[in-house]
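Reviewing the structure listed below.
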Amino acid sequence: MREVSQLVNTEDSAWPIIQNWLKEATNHAELLPVNKDLAETALYQLQVTTKSPMGALVYGSGGLLIDNGWLRIAGSGHPRLPRDPASWTQRPEFASVRALPIADDVAGGIFALNGGDLGEDTGCVYYFAPDTLNWESLEVGYSEFLQWALSGDLDTFYENVRWPQWQEDVIKLSATEAFTFYPFLWVQCEEARTRKVISLTELWEMGNAANLLI
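The sequence shown begins at 792 in this note's numbering and counts up by one.
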């Protein structure tokens, strides 16, 4: 294991690149402040240098909230986003799959870097889609994913999930919660769906019990 001092690259950090992406972002993005102790622990566990955007985001922030918290991208952890990529993999729901969770959304979707178990394209970002219950390759790496989250067409990506006034509901949600829907998102129906707030822990445990996440 490399020490934090070996992972932090002050001369060639990707942090200025991330800051530039944030300035040019077309989607609402909130950068959560960093806690130095959490940042050092998270980077050490992740074992990725700050030359990479993922390492720079983990070391330089508590995380990112996109579209008022609809999309939550893990940094080193913050009271409003209490998770980081490395510790996320230690949860029992994710420990058995070679993938690194990097973000999630309020509909129960999960974004993860493929470590080999999700497909042949190791290193690409996959999305666990709550409307299909499948891991789907986005055919991009972490950097492209981050740029898409900041400036991509999220409305089109989530057109089958979002509802009128979703912004008002999402603002009230914490980053440890998500929505469940009835009828379920993977069921085609003409009727309007109802929504209920559920804790992420309960949601992930349900998915793990049904062998959906592995």
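For glycine and all other residues, C-beta sits at the position ideal for the given N, C-alpha and C. None of the values given here were measured: they were computed from a predicted structure.
Beta bridge counterpart(s) of residue i as assigned by DSSP
i: ILE901; result: ASP895, PHE919
i: VAL825; result: DSSP lists no partner for VAL825.
i: ASN925; result: ALA920
i: LEU872; result: HIS869
i: SER990; result: GLU968
i: ALA820; result: ILE857
i: ALA890; result: ASN905
Spatial neighbours of residue i in its chain, beta-carbon cut-off 8 angstroms, leaving aside the 5 residues before and after
i: PRO873; result: ALA966, THR967
i: GLY910; result: TYR917, TRP926, SER928
Residue burial classification, residue i (beta-carbon count within 10 angstroms, cutoff 16)
i: LEU990; result: A small fix is needed here, since residue 990 is Ser in this sequence, not Leu. Exposed is the call here.
i: ASP896; result: buried
i: VAL849; result: buried
i: GLU993; result: exposed
i: MET845; result: buried
i: GLY907; result: exposed
i: TYR933; result: buried
i: VAL988; result: exposed
i: SER796; result: exposed
i: TRP926; result: buried
i: PHE919; result: buried
i: ARG793; result: exposed
i: GLU959; result: exposed
i: ASP875; result: buried
i: GLU981; result: exposed
i: GLU884; result: buried
Sequence-distant residues of its chain with Cβ nearer than 6 angstroms to residue i (five each side left out)
i: ASN811; result: none
i: ALA983; result: none
i: ILE1005; result: With a pLDDT of 49 at ILE1005, under the threshold of 50, the predicted position of this residue should be treated as unreliable, and no value is reported.
Contacting residues, own chain, Cβ-Cβ under 7 angstroms from residue i (five flanking each side not counted)
i: GLN836; result: ALA877, SER878
i: GLY914; result: LEU904, ASN905, GLY932
i: ALA1001; result: Any reading at ALA1001 must be qualified, since the residue scores a pLDDT of 49, below 50, and its modelled position is unreliable; the value itself is stated next. So no residue of the chain qualifies.
i: PRO807; result: none
7 angstroms Cβ cutoff met for residue i and residue j
i: TRP977; j: ASP922; result: yes
i: SER867; j: LEU829; result: yes
i: ASP858; j: LEU964; result: no
i: THR832; j: ASN800; result: no
i: ALA847; j: ILE901; result: no
i: GLY853; j: LEU823; result: yes
i: ARG986; j: PHE975; result: no
i: ALA969; j: GLY899; result: yes
i: VAL961; j: GLY860; result: yes
i: LYS842; j: ALA805; result: yes
i: ALA940; j: LEU856; result: no
i: ILE864; j: ALA816; result: no
Residue ranges of each beta strand (DSSP E) run of no fewer than 3 residues wholly in the region 951-984, ordered along the chain? 968-973
Quick check on the DSSP output: what are the complete alpha helix (DSSP H) runs of length 4 or more inside the region 837-865, in order along the chain? 844-851
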